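So for the sequence shown, UniProt numbering puts the first residue at 1; every next one is plus one. Backbone N, C-alpha and C define an ideal beta-carbon position, used for all residues, glycine too. Only a predicted model underlies this, so the values are computations on that prediction, with no experimental measurement involved.
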Amino acid sequence: MTCNGRGETCGARETYDFATWCRHESPAKKTLACFPVRIGGTGILGTLEAAHEMQVSRMESGRTGSDDLSKQLARPNRHHPTDLYQEVPASCWPIVYSPDYNITFLSLEKLHPFDSGKWGKVITFLRDEQLITDDTIVTAREATESDLLVVHTRRYLNKLKWSFVVATITEIPPLLMLPNFLVQRKVLRPLRTQTGGTIMAGKLAIDRGWAINVGGGFHHCSSEKGGGFCAYADITLAIKFLFDCVQGVSTATIIDLDAHQGNGHERDFLDDKRVYIMDVYNRYIYPGDNFAKRK
């Protein structure tokens, strides 16, 4: 099966790109607070993260590798308790949202081209058009550490307790100057709530035939590494929860239409034949993850 117009055979995975309309675009580069920060981890944040990686590696050498991850994702975990799968009244649309999705903190969100308040704007528009009300949408719940550990390594979650790691992932350099409890509360908690929403939307899609999480879609995050404003692997988590907790779900398809490569879920499901991925993206921009394209 030819997948991407270059004669590459991808097995259970297809990769396409939009080379024609973005051929001359290069990875974004911006200068902020006198620090040159190149998306992808170079510059001051990348240097700090690399130093931290070396420290953690020395402390935890020999820990989880990609082979161990594949085994972890394939291993049933049907007794995992969670409050994310909630009973939803028949009067509700299978649309998941929470006001806690939105990230607004000291205007730091304005330092990134990604609109971190767009989720609330979508809901406001739908309300103004009288398409939904607060009583007809499903309120997302925050994913707990126990929920996240279904896919994420504890090593990775511990790294998020370092503000400069979160600054690198979100590409907002001033975050490295803030105490981590503020970063957890104002940045990571909204992302954990969106992650819980994606997991809930997966279950709703099985129950109702379709579902939408207004947030989430953090396709640059894998079980062991975040990036591109993606701190939690909500896509991998949603599929893992379905495989483990919902009877009759044995395969899944990811159709990723973002302009950027979805390298996070690609890495997580690299050797998992139960998951088929069709990823449509521009290969000339971030993240350019050739390892994730293997197979």
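Counting along the chain, the unbroken alpha helix (DSSP H) around MET200 starts and ends at 189 to 208. THR253: member of the beta strand (DSSP E) spanning 252 to 256, first to last residue. Within the same chain, LYS161 and SER163 come within 6 Å of ASN180 by CB-CB distance, once the 5 residues on both sides are set aside. According to the DSSP assignment, ASP279 belongs to no alpha helix (DSSP H) but to the beta strand (DSSP E) extending over 275 to 281.
Counting C-beta pairs with one atom in each stretch, the region 251 to 266 and the region 278 to 294 have three or more that are closer than 8 Å, which means they touch. Taking C-alpha positions only, THR82 is separated from ARG141 by approximately 10 Å. By the CB criterion at 7 Å, VAL96 and ASN213 fall inside the cutoff. Counting along the chain, the unbroken beta strand (DSSP E) around ILE95 starts and ends at 95 to 97. Taking the C-beta atoms as reference points, ARG192 is found no nearer than 7 Å to ALA233.
When only Cα atoms are considered, LYS203 and TYR85 end up about 7 Å apart. A straight-line Cα-Cα distance of about 14 Å links LEU149 and CYS221.
No Cβ-Cβ contact shorter than 7 Å links ARG267 with ALA231. With a threshold of 16 other beta carbon atoms within 10 Å, PHE269 meets it and is buried. Three or more Cβ pairs drawn from the region 184 to 199 and the region 99 to 109 lie within less than 8 Å of each other, which places the two stretches in contact. Separation of the CB atoms of GLY197 and GLY216 is rounded to 6 Å, and the pair is thereby assigned contact status at 8 Å.
The Cβ neighbour count for MET200, taken over all protein chains shown within 10 Å, is at least 16; the residue is labelled buried. Uninterrupted alpha helix (DSSP H) stretches at least 4 residues long and entirely within the region 219 to 271 occur at 234 to 245 and 263 to 268, given in chain order. For ASN158, the three-state secondary structure derived from DSSP is helix.
Rounded to the nearest whole angstrom, the CA to CA distance from TYR156 to SER223 is 8 Å. PHE218 and GLY264 do touch by the CB rule: their CB atoms are close to 7 Å apart, below 8 Å. The three-state secondary structure of VAL214, taken from DSSP, is coil.
For ILE277, the closest C-alpha among the options ASN290, THR251 and PRO287 is that of THR251.
Looking at the DSSP output, THR139 shares a beta bridge with TYR97. No Cβ-Cβ contact shorter than 7 Å links LEU175 with VAL165. Listed in chain order, the non-local C-beta contacts of ILE137 below 8 Å within the same chain comprise CYS92, TRP93, ILE95, VAL96, TYR97 and ILE123, local neighbours out to five positions each way being set aside.
The beta carbons of LYS186 and PHE105 sit closer together than 7 Å.
In the three-state reduction of the DSSP assignment, GLU87 falls in the coil class, being assigned neither a helical nor a strand state.
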